[in-house]
Amino acid sequence: MAYVICEPCVGVCDRACVEECPVDCIQPRDGYPEGKEGKQLYIDPDTCIDCGACEPVCPVTAIFPEADVPEEWQKYIEINAQHFQK
Ligand code: SF4
Ligand code: SF4
C-alpha cells in the first residue's frame with residue numbers, strides 16, 4: 002500500500018505535501034521551477050510508509066490512500082509508480 006497523488010495536483014504542484022513526508026518519497030522535491038503546466042508530483046510506492054501526513058495538507062485534495070483512489074483516477078496509481086521506474 003501507498004498513498005497516491007491524483008489529477009488535482011496537475012498544474013498546482015505547490016509542494017505543501019513534500020514538507021510533511023518523513024521519508025522524502027514525494028518527488029520532485031524542488032517541484033518544477035521551469036513551469037508547472039501539465040506537471041504533478043509523485044509518491045514513490047516502494048518508499049511510502051503509509052503515514053498519511055501528506056493527505057490533509059494538500060489544498061486541492063489530490064492525495065489518497067491507494068485503496069481510496071476514486072474510480073476516475075485509478076490510472077494515477079500506475080502513473081505514480083512509473084515515475085520511479087528506471
Ligand atoms: S503517506 Fe507518509 S510516507 Fe507516504 S507520501 Fe505521504 S507523508 Fe510520505
Ligand atoms: S500538496 Fe497537493 S497540490 Fe501540492 S504538490 Fe502535494 S499533491 Fe500536489
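Under my numbering, the residues of the sequence shown are numbered 2 to 87, in order.
For every residue, glycine included, the Cβ atom is placed at its ideal position computed from N, Cα and C.
Our contact map puts Pro-34 next to Leu-42 with C-beta atoms below 8 Å; I'd like the distance itself, whole angstroms only. Locating residue 34 in the sequence shown gives position 33, counting from the first residue. Locating residue 42 in the sequence shown gives position 41, counting from the first residue. No, Pro-34 and Leu-42 are not in contact; Cβ-Cβ is about 13 Å, not under 8 Å.
Put Val-5 into one of helix, strand or coil per three-state DSSP. Taking the first residue of the sequence shown as position 1, residue 5 is located at position 4. Three-state DSSP puts Val-5 in a strand.
Quick check: is any heavy atom of ligand 1 less than 7 Å from the C-beta of Ala-3? By one-based count along the sequence shown, residue 3 stands at place 2. Correct: Ala-3 has its Cβ closer than 7 Å to ligand 1.
Endpoints, the beta strand (DSSP E) within which Ile-64 is located: Residue 64 sits at position 63 when you count from the first residue of the sequence shown. 64-66 is the span of the beta strand (DSSP E), which, as asked, contains Ile-64.
Going by C-alpha distance, which of Pro-66, His-84, Thr-62 is nearest Glu-8? In the sequence shown, the residue the question calls residue 8 occupies position 7. Taking the Cα of Glu-8 as reference, the smallest distance to any Cα among Pro-66, His-84, Thr-62 is reached at Thr-62.
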